[in-house]
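A short worksheet on the structure shown next.
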Amino acid sequence: MWTPTNRAIYKRTGLGYGSSLTNDEWALLEPLLPPPCRCGRKRKWPMRLIVEAMFYILRAGCAWDMLPREFPPLSTVYRWFARFRDSGTWEIISHYLVIRDRERVGRAASPTAGVLDNQSVKTAEAGGPRGYDAGKKVKGRKRHALVDTDGRALKLQVRPADVQDRDGAVPLLRSSRRSFPFLEKVFADSGYAGERVASATRITVEIVRKAVDQVGFTVHKRRWVVERFFAWLGRNRRFYRDVERLISSAEAFLYAASAIILIRRMGRCLSDSE
């Protein structure tokens, strides 16, 4: 619930934009980014400003060539974004922050349970792989998300919307084994029921079905956590549609958004402790 106390905690006055980082947040993120090269030409633009430009694109949902003038040039920001995308930097950062945030609240570093779901979104005219989701009547792509029981993103993948839930779950679960080997159980809806998902890995898939007499909206146990995660992602206007030509770019933005959630959460905790 929004109260005057909560609003004061989440208020970001004094920053250039709502997507900008506080000093505490930057202190968390800076050690995880590539350090400057010891040889060759020195960086003309500070890395903090480059990262904040990426976050501005993500939060504002604008085109790359509409970056405000106080940020580095478009070519510089996009070059670094492409470098982070191709090297999996945002995924690595998100993975580290998940572990650190879990340890902060007294939980094991690697989760043993998770929640699985997907979200279908329309695509723009940028092109790239896409499909038609006949169930939700959406032509575009699906964002498949595996989160822990508190809603932290463990594994995120993007597929064309015509890929069935069961088909999209198999590579997602298999790819999670290397990063989170102690994952034992995953909760999901009836779209993931079937032998193919159940036998894909050693992870037990428990189907949380809706009540037989359900009428209208109802919060389902376990499943609401991943729905809340998608709502958190929805704060970024870049995700109103999938406007990326490359699926790898769409996944990189998803991991960057999940990292922002944890950076802000942990940054507030640092501020409160001080």
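Numbered according to the working numbering, the sequence shown spans residues 17 to 290.
Built from N, CA and C at the ideal position, the CB exists for glycine as well.
Quantities reported herein were computed from a predicted structural model and do not represent experimental measurements.
- The three-state secondary structure of Thr220, taken from DSSP, is strand.
- Contact between Asp149 and Asp178 holds: their C-beta atoms lie close to 7 Å from each other, under 8 Å.
- Here DSSP, grouped into helix, strand and coil, assigns Gly283 to helix.
- Look at Leu199 here: in three-state DSSP terms it is coil, with no helix or strand label.
- Per DSSP, Leu90 is one residue of the alpha helix (DSSP H) stretching across 90-103.
- In this structure, the straight-line span from the alpha carbon of Asp102 to that of Arg157 is close to 20 Å.
- Here Leu49 carries a coil assignment [DSSP, helix/strand/coil].
- In the structure shown, Tyr256 falls within a coil segment according to DSSP collapsed to helix, strand and coil.
- Contact between the region 43-62 and the region 238-246 is not established, with fewer than three Cβ pairs separated by less than 8 Å.
- DSSP places Ser136 in the strand class (E or B) of the three-state scheme.
- Between the alpha carbons of Phe255 and Gln180 lies a gap of roughly 21 Å.
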